[in-house]
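Residue 1 is where the sequence shown starts when you use the UniProt record's numbering, and the numbers rise one by one after that.
Just so you know, even glycine gets a beta-carbon here, dropped at the ideal spot from N, CA and C.
Just below is one structure, and these are the notes that go with it.
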Amino acid sequence: MGRKPKGRAKMIAKFVQVAQELRALNNFNTLMAVISGLTSTPIERLKQTQTFFQTSGQIAEQEKYWQPLRELEKLMSSDHLFANYRVALDESELPCIPGLVFREMIYIEEQKDILVDGSVNVSKALMMGDVLLTLQRFQSKPHVIERDPYILSMILESTALSTEVGLPSFEKRKKKQNKIKILTYDVNNSK
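This is how it looks when you write it as structure tokens:
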């Protein structure tokens, strides 16, 4: 992320827009990942970034980005076993990419196959069947998204992260790793 609060604020605002678009596409799986990143401890600690909107007289900008983020955070909250998410998922029209399918499958799989009385755990099989039917329903209508030749070529031809957003490029990291290896080698062989 950018070193200055304004740059960080712009980057966070961009990811909030991405999250809003993911919600519009009913892509709950990726939405959950983006919201997790935006609400992670390092981002939450960026008080300078949050206060940039307030101190620069851009209250409208704050409302434009932080309020939707808080709403999406509430939607994907784990409170009451993801109750808000489950309601939104039930009300979603296809196409839709659910977000908790694998978590639910793992939870169900952890249940015992055979109960204490020696009988088969039928409720486990029924729960797994419900999850699989839900997944099949969501797969029945795929998203129709036009390919963007510019984005496609950018992804296929890229070999490094852009330094434009303040991230070190792949080449710089590789050089740094090689220097560390060389220094480690020199220290170990100097005895």
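Problem - C-alpha gap between Val120 and Asn29, whole angstroms - result: By 1-based counting over the sequence shown, the position of residue 120 is 120. By 1-based counting over the sequence shown, the position of residue 29 is 29. Spanning the two alpha carbons is a distance of roughly 32 angstroms.
ask   = Looking only at its own chain, which residues have a Cβ that is under 7 angstroms from the Cβ of Phe82, when we skip the five neighbours before and after it?
value = Along the sequence shown, one-based indexing puts residue 82 at 82. Result list for Phe82: Leu100, in chain order.
Practice task
Pick helix, strand or coil for Ile155, following the three-state DSSP scheme.
Solution key: Mapped onto the sequence shown, residue 155 falls at position 155. Ile155 sits in a helix when the DSSP states are folded into three classes.
| message | Check whether the stretch 101-117 and the stretch 147-157 are in contact - that is, three or more C-beta pairs closer than 8 angstroms. | response | Remark: fewer than three beta-carbon pairs, one from each stretch, lie closer than 8 angstroms, so the stretch 101-117 and the stretch 147-157 are not flagged as touching.
Exercise for review: Return yes when the Cβ of Leu22 is within less than 8 angstroms of the Cβ of Leu69, no when it is not.
Suggested key: Against the sequence shown, residue 69 aligns to sequence position 69. Against the sequence shown, residue 22 aligns to sequence position 22. No.
Simplified DSSP assignment, three categories, for Asn121: Position 121 of the sequence shown, counting from 1, holds the residue named residue 121. In the structure shown, the three-state DSSP call for Asn121 is coil.
Rounded to whole angstroms, what's the CA-CA distance from Phe145 to Ile114? Just pull it up for me. Taking the first residue of the sequence shown as 1, we reach residue 145 at position 145. Taking the first residue of the sequence shown as 1, we reach residue 114 at position 114. A quick correction: the sequence has Ile, not Phe, at residue 145. Approximately 45 angstroms, taken between the alpha carbons.
Taking Gln128 as the reference, give the member of Leu31, Pro95, Ile106, Ala13 with the closest Cα.
Locating residue 128 in the sequence shown gives position 128, counting from the first residue. The displayed chain sequence assigns Met, not Gln, to residue 128. For Met128, the closest of Leu31, Pro95, Ile106, Ala13 by C-alpha to C-alpha distance is Ile106.
Alpha carbons only, please: which of Val18, Val16, Gln139 is nearest the one belonging to Pro95? Position 95 of the sequence shown holds residue 95. Relative to the Cα of Pro95, the nearest Cα in the group Val18, Val16, Gln139 belongs to Gln139.
query = How many angstroms separate the CA atom of Leu89 from the CA atom of Val18?
reply = Taking the sequence shown and counting its residues from 1, the one referred to as residue 89 is at position 89. Taking the sequence shown and counting its residues from 1, the one referred to as residue 18 is at position 18. Rounded to the nearest angstrom, the two C-alpha atoms are 19 angstroms apart.
inquiry  = Beta-carbon within less than 6 angstroms of His143's beta-carbon, same chain only, minus the 5 sequence neighbours each way: which residues are those?
reply    = Indexing the sequence shown from 1 puts residue 143 at position 143. Cβ contact annotation for His143 (same chain, cutoff 6 angstroms, sequence separation greater than five): Pro95, in chain order.
- Message: Please report the distance separating the alpha-carbon of Ser40 from that of Arg86.
- Response: Here residue 40 corresponds to residue number 40 of the sequence shown, with the count starting at 1. Here residue 86 corresponds to residue number 86 of the sequence shown, with the count starting at 1. Between Ser40 and Arg86, the C-alpha separation is close to 22 angstroms.
Please classify Leu132 as buried or exposed, where buried requires at least 16 other C-beta atoms within 10 Å of its C-beta.
In the sequence shown, the residue the question calls residue 132 occupies position 132. Exposed is the call here.
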